[in-house]
Amino acid sequence: MRRKDREIVDVYKIEEIIAKARYMHLGILDGEYPYVVPLHYGYLMENGKLTFFVHSAKEGHKLDCIQKSSNVFVEIEIGENLIASDRPCGYSAEYKSVMCRGKASIIKDKKKKCVALKILMEVQTGEKFEINEKMAETVTIIQIDIDSYSAKACVRYDTDV
33 MRRKDREIVD VYKIEEIIAK ARYMHLGILD GEYPYVVPLH YGYLMENGKL TFFVHSAKEG
93 HKLDCIQKSS NVFVEIEIGE NLIASDRPCG YSAEYKSVMC RGKASIIKDK KKKCVALKIL
153 MEVQTGEKFE INEKMAETVT IIQIDIDSYS AKACVRYDTD V
């Protein structure tokens, strides 16, 4: 990371960013061009190991790309706010972001799909829902196992996430 003064290394602060955001940008390989799609997500952070869960229709371009290459990139941000200036090049933005490299796979196991959907719904709504196999059968669940992640922030004042 070029700007070490903005780097966040505390895993708890990184998880705070992930917990506060509502969507991610998922970058997928699509032949010679990247393909990026915004998605709602659920996640687990266990012993510093990060896993995301997203849902999808049963078919589509995103799934076609993932089946060709499981390599993905995740970007999440919160707190974007313009920092104004009296000079055009003095403008900036406040933000906190997390960037991740990982591997995507389709969850086939019905019970694992139910668990992943429960996690996704709780992260997105704050509510605990019972998800049965019939409900889970209507969507595709993508699991994203993160190999590496980094986070950074640009804030005018040292504030909480």
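Here our numbering runs 32 ahead of the position in the sequence shown, where the first position is 1. Heads up, the beta-carbon is just placed ideally off N, CA and C, and yes, glycines get one too.
Using 10 angstroms around the beta-carbon of residue i, count the other beta-carbons present and answer buried if the total reaches 16, otherwise exposed.
i: residue 190; result: Confidence at residue 190 is low in this model, with a pLDDT of 47, below 50, so the placement of that residue is unreliable and no value is reported for it.
i: residue 114; result: exposed
i: residue 116; result: exposed
i: residue 170; result: exposed
i: residue 121; result: exposed
Where do the ends of the beta strand (DSSP E) carrying residue i lie?
i: residue 183; result: 172-186
i: residue 78; result: 74-78
i: residue 126; result: 124-138
i: residue 109; result: 103-115
i: residue 90; result: Per DSSP, residue 90 belongs to no beta strand (DSSP E) and is neither H nor E.
Tell me the residue span of the alpha helix (DSSP H) that contains residue i.
i: residue 43; result: 43-52
Please report how far the alpha carbon of residue i lies from the alpha carbon of residue j, in whole angstroms.
i: residue 110; j: residue 43; result: 16 Å
i: residue 103; j: residue 82; result: 15 Å
I think residue i touches residue j, with their Cβ atoms under 8 Å apart; what is that distance to the nearest whole Å?
i: residue 56; j: residue 107; result: 7 Å
i: residue 98; j: residue 60; result: 6 Å
Task: contact_flag[the stretch 66-79, the stretch 132-141] where n(CB pairs < 8 Å) is 3 or more - done: no
TODO: Examine the Cβ distances between the stretch 84-100 and the stretch 166-180 and report whether three or more of them are shorter than 8 Å.
DONE: yes
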